[in-house]
Amino acid sequence: MASAISFQVLLFLSFSLAAAVAAAQGGGPGAPRELWCVAKNNADDAALQSALDWACGPGGADCGPIQKGGPCYDTSDLQRTASYAFNDYFIKHGNHDDSCSFSNTAAVTSLNPSHGNCKFRSSSTASNGNFSGSGMVGPDTADLTSSNSISRCHWLNRGSIFILLFMIARLV
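Residue numbers -23 to -1, 1 to 149, in mature numbering (1 follows the signal peptide of the UniProt record, and there is no 0), belong to the letters of the sequence shown in order.
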């Protein structure tokens, strides 16, 4: 009887863990995920300025909010300024991985870059596990130079659940 109760408790805990993991990932592997296109923190200032000029000119990004008097105007932070323009272009061009490159000065992130009164629009059309771009999930100081998949945490969490279920099965 004690082992039956222990099994039920472990089963309940494993399902609770699975639900918590799915909620932390935004509902699971197929759930929509908000994404933004931001300037890489290690991008060369000259390359960043050139990409920003292109995005606000021929690229057609709405750069009004980063102009003087706009909520995102900040002459002291080229990375934030470029991020706003890059993100606007990214959203206007279907959130495709190739619309967030800007000569390798930008990358996709799931961290909201909005700050103060400067609000960035997001894209929730890409799904975790299905995005093929050069996304990197991490703290805002993370090095965004590599091409890691957003689904890394998804597989890590699935592995943790599998190990937990395996351990429960061995108890029975």
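The beta-carbon is built from N, C-alpha and C at its ideal position, and this holds for glycine as well. On a predicted model such as this, the values are computed, not experimentally measured, just so you know.
Between which residues of its own chain and residue i is the CB-CB distance below 7 Å, once the five residues before and five after are set aside?
{"i": "residue 33", "result": "40 and 62"}
Could you work out which residue in the options is closest to residue i when comparing CA atoms only?
{"i": "residue 30", "options": "93, 73, 88 and 66", "result": "66"}
{"i": "residue 23", "options": "78, 71, 91 and 82", "result": "82"}
{"i": "residue 80", "options": "21, 53 and 147", "result": "21"}
{"i": "residue 70", "options": "38, 28, 17 and 145", "result": "38"}
For residue i, which beta-bridge partners are listed by DSSP?
{"i": "residue 83", "result": "16"}
{"i": "residue 92", "result": "95"}
Note down, in chain order, each residue of its chain lying with its Cβ closer than 6 Å to the Cβ of residue i, except the 5 sequence neighbours on either side.
{"i": "residue 49", "result": "42, 43, 61 and 95"}
{"i": "residue 64", "result": "13, 14 and 97"}
From what residue to what residue does the alpha helix (DSSP H) around residue i run?
{"i": "residue 60", "result": "55 to 69"}
{"i": "residue 27", "result": "22 to 33"}
For residue i, name the three-state secondary structure that DSSP assigns.
{"i": "residue 51", "result": "coil"}
{"i": "residue 76", "result": "helix"}
Excluding the five sequence neighbours on either side, which residues of its own chain have a C-beta within less than 8 Å of the C-beta of residue i, listed in chain order?
{"i": "residue 100", "result": "11, 12, 13, 67, 68 and 72"}
{"i": "residue 27", "result": "80"}
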